[in-house]
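If you want it as structure tokens, here you go:
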């Protein structure tokens, strides 16, 4: 590249060529264009959730930077003098006053606030839905386990970014949110009170917390998220994207469109679409009207308040936990130690830590749990259709139900007032559901997945129901089935259906306890299974046909499905 | 659906032995034949798609103009209606500007750019030869450094490296003062008048009729140095019930005055203000997590996640008939903490 002969040897003819030559002979880049310019990306609508997450993050950076130019994260006392008349002269923090100024006195400020808040909600939602897609299609399997971990961390950082930002305007609603956090922090054994005092710079609410959250919100957390996004995308490039199974797709190829021009155009255009939709929502739907809440004051609170949606499940868990059982037993334990009595407030600590702990631990560990059970250490680049992994799908549904019951519990008071039912009954029912619901969800989801697999078998073997009823010569009526073409059939039959295995003895003929456990887990996973149709089965089913009309034997097998 | 999942494969109707790895699997038929789009075959459709894309880009231009119009020609005038109008116009302008470009590009890609699916082979992320070499290089590096052969160096380094980050933790010590007994006391003191929140005007016992409720702060709180911090602990709810319905326990008979009782407004769960008073049932309800306290049982928890009754503020009446505190709360208010005891 540095030798003069190289420059002489390559004489660009076109304008593109001259630009390329200028850039490449100075900083390189042709290699990158060669690598990425025509790289193939598989196309599917479910692959766009991750894009939504990325694009909303970009929108968050743009709108957030604008907001920092006007926001003042100070908790100093001031009297509001801006344009919003109902609050004029009211004593409040500078942070709240500057949030009001952004809303009322900076042109487009309210719009930017709304864009920022709506994209934050969408960012976490897109993260979550993207992870559900990855989970239900098995995209987390080797070699992508570490990227799944990075993604989970991104989701947690997204929650942190959301909560720190939510608290900044220092309005009544967010102040009460902080107070709840303070109560939860104080319930931590041994160090809780100290953490609370260090966090708030003394007693709640203090004058330090907004400034501290601000630094976390605009500097540390976005930097970590950016770094993680970089790692995440880097790994996507290394692994190449997964693809759905189907004709022409194998575990060793990638089928799709080249980055330039098709994929770049679609993905690039999609950024503008996401931005446009966020802008339309922000134009028409008010979010977080802080001027209605007033400045933070520890005494008032409004009924029916809700946290932002992604914090709801933890708030719901706090609501569901009973503080007392019966009339004389409660979850606040005063434990006598040699040095005195200390208080363990399990009614707060348990719901704040345990459900989130279970969900995130299982999420992080799942790739390894599954590969331990299946003994499957192969690389997977073809996705599973969720129905073809019934137990995994059922576990995912159980998790979703567990989450959603807690989430619903965060609105227990609104459920009660909107549906005119007793608040206490809503809570009692949700307490039962949070335990029983995941089990029911698991069973139903697994049955549905197996049933869908059987339906696939039926379609692969006998074709699609045409709705055309034919009367046979001997008077019987029968519905004509139309066979599917080989491409469609391949999609229905090209999956793996592992079988439960018996425990294997080691070299000394001893079956270890973990091997027994693994075998039991394998039975739990794969005892109920539906195998893909094989060519010989298809042949057998066709040879019995009279033309396109199924014979009696086939009908019986259909009836038994 | 009797036997197609539980039974053994040879007795089942639909369960076959799995074909993977065996010979009895379908062969991949390859990509389905490409079907041309309308714009691929019909020049008029192609032209139409081109015009549609251009129209969408033009809509984007109009959106940008709408934004500028709203920014400069819809001035704010201190009314929320005007603000909403400006917000709507700015937002719709931006939305059209963005959607016009986005939908236009995607339409362009889908109708006019090639839609032949291409196939590319995957390559292994690494190969094992590299891995062996890397292992060897790391081995050499470790070897040459001598860290394995010289445990004295290794162990002292580990010790130093474990210790070195501790100052980075310790230096955060000054983030806040130590708790001390700050959480165990409030602004209340013997003889201090009960005043209305937020005005700070004192309350006469005769003002408190049966069934009414007052939000109360201690006298002088509004002038306090750490007003919000003190208020976060000291706010009180004051109610008058039929004295017969109160059942004070031993030692607390004189904490109320003629059916007037005062309880901490800070929930013992996680500290929200217990702001809802159900007059008929004499229950206090926290709107955050629905902990419910029964005034007739000294604010015992009867529902929800709180585990402890609301602390009661002992009250009395002074010579002028104003309500006063007999003392501070007898126990810490608000959420529990480790040192509460």
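Chains as they are written, first to last, in the numbering used here: chain A, 1 to 561; chain B, 1001 to 1341. Using N, Cα and C, we set each Cβ at its ideal position, and we do this for glycine too.
- As for any beta strand (DSSP E) of minimum length 3 sitting wholly inside the region 61-99 of chain A, the runs are 77-79 and 91-93, ordered along the chain.
- In this structure, the beta-carbon distance from residue 1067 of chain B to residue 1041 of chain B does not fall below 8 angstroms.
- Residues of the same chain with a CB within less than 7 angstroms of the CB of residue 282 of chain A, apart from the 5 flanking positions on each side, are 111, 114, 115 and 118 in chain order.
- Within the region 311-331 of chain A, the residues whose Cβ lies closer than 7 angstroms to any Cβ of chain B are, in chain order, 318, 319, 321, 322, 323, 324, 330 and 331.
- Contact of residue 1076 of chain B with chain A is assigned, a C-beta pair being separated by under 8 angstroms.
- Considered as a whole, the region 224-254 of chain A harbours no complete run of any beta strand (DSSP E) with no fewer than 3 residues.
- Given a length threshold of 3 residues, each whole run of the beta strand (DSSP E) inside the region 1227-1287 of chain B is given here in chain order: 1236-1240, 1260-1264, 1276-1278 and 1283-1285.
- For residue 34 of chain A, no chain B residue has a Cβ inside 8 angstroms of its Cβ, as the nearest lies near 13 angstroms away.
- Linking residue 1177 of chain B to residue 1226 of chain B through their CA atoms gives a straight-line distance of about 14 angstroms.
- For residue 334 of chain A, the enclosing beta strand (DSSP E) begins and ends at 332-337.
- The beta carbon of residue 308 of chain A is closer than 7 angstroms to those of 121, 162 and 166 in its chain, skipping five residues each way along the sequence.
- The region 453-494 of chain A contains, as complete alpha helix (DSSP H) runs of 4+ residues, the segments 486-493 (chain order).
- Among the CB atoms of chain A, none fall inside 8 angstroms of the CB of residue 1054 of chain B.
- With a threshold of 8 angstroms between beta carbons, residue 1024 of chain B makes contact with chain A.
- With respect to residue 64 of chain A, residue 218 of chain A sits close: the two C-beta atoms are nearer than 8 angstroms.
- Within the DSSP secondary-structure output, residue 1215 of chain B pairs in a beta bridge with B:1237.
- For the pair of segments examined, the region 288-308 of chain A was found to touch the region 165-183 of chain A: the number of CB pairs separated by less than 8 angstroms reaches three.
- In the displayed model, residue 1195 of chain B falls within a strand according to three-state DSSP.
- Chain-order list of chain A residues neighbouring residue 1197 of chain B: 299, by C-beta distance under 8 angstroms.
- Taking 9 angstroms as the cut-off between beta carbons, the residues of the region 1113-1125 of chain B near chain A are 1113, 1114, 1115, 1116, 1117, 1118, 1119, 1120, 1121, 1122, 1123, 1124 and 1125, in sequence order.
- Rounded to the nearest angstrom, the gap between the Cα atoms of residue 1204 of chain B and residue 1298 of chain B is 23 angstroms.
- Shown here for residue 1332 of chain B: same chain residues with a beta carbon closer than 6 angstroms to its own, the five before and five after excluded, namely 1183, 1184 and 1340 in chain order.
- Across the region 1299-1320 of chain B, CB contacts with chain A closer than 7 angstroms involve 1301, 1303, 1304, 1305, 1306, 1307 and 1308, in sequence order along the chain.
- Contact between residue 1268 of chain B and residue 1295 of chain B is ruled out by a C-beta separation of about 15 angstroms, above the 8 angstroms threshold.
- With a beta-carbon spacing of about 5 angstroms, residue 1235 of chain B and residue 299 of chain A fall inside the 8 angstroms limit used to define contacts.
- Each of B:1090, B:1078 and B:1080 was checked against the Cα of residue 1069 of chain B, and the nearest Cα belongs to B:1090.
- At a cut-off of 8 angstroms between C-beta atoms, residue 1028 of chain B counts as an interface residue with respect to chain A.
- Taking the C-beta atoms as reference points, residue 449 of chain A is found no nearer than 8 angstroms to residue 533 of chain A.
- Collapsing the DSSP output to three states places residue 1052 of chain B in a helix.
- Under the DSSP assignment, residue 1169 of chain B falls in the alpha helix (DSSP H) whose first and last residues are 1166-1170.
- Excluding sequence positions up to five before and after residue 396 of chain A, its CB lies within less than 6 angstroms of the CB of 135 and 136, all in the same chain and listed in chain order.
- Only those residues of the region 249-268 of chain A whose C-beta falls short of 9 angstroms from the nearest C-beta of chain B are listed: 249, 250, 251, 252, 253, 254, 255, 256, 257, 258, 261, 262, 263, 264, 265, 266 and 268.
- For residue 413 of chain A, no beta strand (DSSP E) encloses it; the enclosing alpha helix (DSSP H) starts and ends at 412-418.
- Cβ neighbours of residue 1243 of chain B within its own chain (closer than 7 angstroms, five residues either side excluded): 1258 and 1259.
- Distance from the CA atom of residue 101 of chain A to the CA atom of residue 82 of chain A, rounded to whole angstroms, is 6 angstroms.
- At a beta-carbon threshold of 8 angstroms, the residues of chain B lying near residue 204 of chain A are 1229, 1232 and 1271, ordered along the chain.
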